[in-house]
Amino acid sequence: MNEYYLGGDVSKGYCDFLILDESRRIVEKGFQLDDTPKGHKILTEKLATFFKEHPQATLCSGFESTGGYENNWMKRLMTLSKDYNVNVARLNPVGVNHHHKASLKRNTTDPISAKNIAEYLISYPTKVAYNGYNQEKQYREGRNLYNHIEMLTKQNTQLLNQLESEVYKSNSSLMCYWKDDMPQWLLSVIKNWPTASDLSEVSVELISRIPFVTKKRAWELKRNAGECISSDVSAITGMTIKSLATQIIQKREAIEKLKKELYRLLPLPEAELLTSMPGIGDFSAYGLLLEIAGIERFASDKKLCSYFGIHPVYKQSGDDSWGYHMSKQGRRRPRRLLFMVAMNAVQHDPMIKELYEGHVKAGREKIDALCIIMHKLVRIIYAMLKHKRKYDPAINKAHRDRYYQNQKKDNSQKVPKSLKSRRFQDHDKLAPISRRQAKKRQKQMEGQKDAENAANKNIVHPGKRKNEKVA
């Protein structure tokens with residue numbers, strides 16, 4: 006069965022197509038179609054003609070992830086896969102871009118990009134996952150709703166910051182009730198009586214009608230408003246505060262309603278596993294699961310860390326070397342979510358807090374220690390999801406103890422990592438190397454001698470006990 010490769014370069018409203026064979030020869034010259042019913046109909050007719058000419062062919066198609074513009078074309082090809090041998094894949098633009106740079110092509114146009122995508126499918130078959138459109142659909146839709154809720158939450162925070170500034174100017178006596186978050190009863194009070202003069206003139210009975218406001222608290226609010234020294238009590242300020250409070254109440258109701266709909270429309274049983282870990286709530290658990298989109302996609306916890314962009318990277322070339330740091334590759338949103346989860350875990354999980362404080366005492370900056378905790382949490386989350394097991398600090402402690410025991414074993418017989426690449430030739434003193442490289446080699450040789458001396462001290466003569474002198 007012959008394989009052919011369809012590359013689709015998607016733009017807003019249209020797409021450029023091109024088909025190559027296994028030898029990278031053009032089978033169907035590039036053509037452009039609009040993302041309309043007529044354009045999809047022409048694509049269907051073109052592919053029907055193609056399969057008539059190549060009845061035993063398998064068509065592997067790929068589209069770069071372009072923020073959703075590729076979804077209509079992918080859906081059309083998935084529909085055609087019921088009648089023809091069509092495979093569809095969503096590609097990472099980073100890999101396609103690096104492949105384009107490696108090809109040393111001077112120009113970049115839509116037809117060239119379509120050909121480049123088809124060549125990428127041929128060159129890197131192990132990097133391409135076909136026919137995952139239907140499986141990833143629920144996660145993609147869930148991510149869209151989750152992002153919308155996050156956007157509303159961010160807007161709500163901006164409104165709260167503005168409201169705080171206005172209330173401080175109009176009725177600062179209420180600020181003592183506004184500590185970590187704005188309580189709902191206080192928001193209702195501000196909405197009804199935005200300035201100090203408005204609140205001081207209303208009756209205690211009317212204030213106490215608000216839920217969670219007792220007569221004692223109502224009397225206290227009225228008295229403090231009468232003694233308030235705030236200067237801005239104008240009608241314009243009151244109208245601004247009323248508008249802000251109303252919008253905050255509406256956004257809070259919308260956020261809670263959307264969260265409930267997300268949990269109802271997209272039930273994720275794995276969320277119960279993640280919420281068993283201190284510091285991860287229902288909404289954060291859904292955010293992590295929607296980003297992971299199935300733990301079976303990742304062969305190891307290292308690959309999951311790389312997906313989040315929190316894996317350490319290190320660069321060494323010639324005489325120069327650069328220290329470890331977080332890669333920060335990939336999308337920023339899941340990494341920001343993981344950062345907040347790590348902060349909560351440090352506050353509420355004794356084991357994570359102990360690890361964090363240990364790194365800080367060892368001399369690391371607090372932000373660096375928090376990044377290490379992020380890496381640790383991803384490995385724990387991977388194990389929880391893979392083995393379908395709730396969070397258990399004892400399991401992690403057992404793994405850590407086993408690791409440190411292995412570290413304490415005698416590794417003197419092993420070749421140091423710095424000398425593994427020199428197994429065919431020892432350091433040659435006549436090599437025309439730089440002064441920096443000479444110092445590095447000198448340190449390596451001293452380390453090897455120390456390891457050999459430590460090994461000789463542990464050698465036991467046959468028939469003699471350890472630490473007994475040999476005649």
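If you read the sequence shown in this note's numbering, its first letter stands for residue 6, the second for the next number, and so on.
Virtual Cβ for every residue (Gly too), placed ideally from N, Cα, C.
Judged by their CB atoms, Gly-67 and Ile-122 are nearer to each other than the 8 Å cut-off. Rounded to the nearest whole angstrom, the CA to CA distance from Leu-11 to Leu-278 is 41 Å. Around the Cβ of Asn-92, a 10 Å sphere holds 16 or more other Cβ atoms; the residue is buried.
In this structure the region 337-346 touches the region 292-312; the number of beta carbon pairs closer than 8 Å is three or more. The way I'd put it, the region 31-44 doesn't touch the region 82-99; fewer than three beta-carbon pairs between them come closer than 8 Å. Secondary structure remark: continuous alpha helix (DSSP H) runs of at least 4 residues inside the region 105-134, in chain order: 115-128. Contact check for Ile-246 against Thr-158 fails: the beta carbons are separated by 8 Å or more. The straight-line gap separating the alpha-carbon atoms of Gln-37 and Leu-23 is approximately 9 Å. In the three-state scheme derived from DSSP, where H, G and I count as helix and E and B as strand, Pro-317 is classed as strand. The beta carbon of Ser-289 lies closer than 6 Å to those of Val-346 in the same chain, with the five residues before and after it left out. Scanning its chain for C-beta atoms nearer than 8 Å, with the 5 sequence neighbours on each side dropped, one finds around Ile-438 the residues Arg-446, in chain order.
In terms of CA proximity to Tyr-151, Glu-266 leads the group Glu-266, Glu-27 and Arg-337.
In terms of Cβ geometry, Asn-166 and Ala-201 do not form a close pair [threshold 8 Å].
When C-beta atoms of the region 71-79 are compared with those of the region 104-114, fewer than three pairs fall below 8 Å, so the two segments do not count as touching. Here the C-alpha atom of Arg-302 lies approximately 48 Å from the C-alpha atom of Tyr-182.
Distance check between Leu-375 and each of Tyr-387, Tyr-268 and Arg-341 places Arg-341 closest, using alpha-carbon atoms only. The secondary-structure analysis by DSSP pairs Ile-24 across a beta bridge with Leu-11 and Glu-33. Residue state for Asp-306 is assigned as helix, using DSSP reduced to three classes. The region 269-285 and the region 351-363 touch, with three or more beta-carbon pairs separated by less than 8 Å. DSSP places Ser-66 in no alpha helix (DSSP H) but in the uninterrupted beta strand (DSSP E) bounded by 63-69.
Taking a contact as a CB-CB distance under 8 Å, the pair Gln-160 and Lys-51 does not count as one, their CB atoms being some 45 Å apart. Shown here for Lys-391: same chain residues with a beta carbon closer than 7 Å to its own, the five before and five after excluded, namely Ile-300 in chain order. The three-state reading of DSSP puts Val-218 in coil, since its state is none of H, G, I, E or B.
In this chain, the alpha helix (DSSP H) harbouring Val-351 covers 337-353. If you draw a straight line from the Cα of Tyr-387 to the Cα of Asp-115, it comes to about 39 Å.
Take Glu-58, set aside five residues on each side of it, and no residue of its chain has a beta-carbon closer than 7 Å to its own.
By the C-beta density criterion, Tyr-408 is exposed, having fewer than 16 other C-beta atoms within 10 angstroms.
Each of Gln-334, Ile-297 and Asn-411 was checked against the Cα of Val-383, and the nearest Cα belongs to Ile-297. Per DSSP, reduced to three states, the secondary structure at Ser-332 is coil, with no helix or strand assignment.
Counting other Cβ atoms within 10 Å of its Cβ, Phe-313 reaches 16 or more and is therefore classed as buried. Contact check for Asp-14 against Ser-118 passes: the beta carbons are separated by less than 8 Å.
The beta-bridge partner set that DSSP reports for Ser-235 is empty. Distance from Val-172 to Ile-154 at the Cβ level is roughly 26 Å; contact not present, criterion being Cβ atoms closer than 8 Å. By the C-beta density criterion, Lys-120 is buried, having at least 16 other C-beta atoms within 10 angstroms. Excluding sequence positions up to five before and after Arg-336, its CB lies less than 7 Å from no other CB in the same chain.
Sorting Asn-112, Tyr-144 and Asn-90 by C-alpha distance to the C-alpha of Tyr-135 places Asn-90 at the top.
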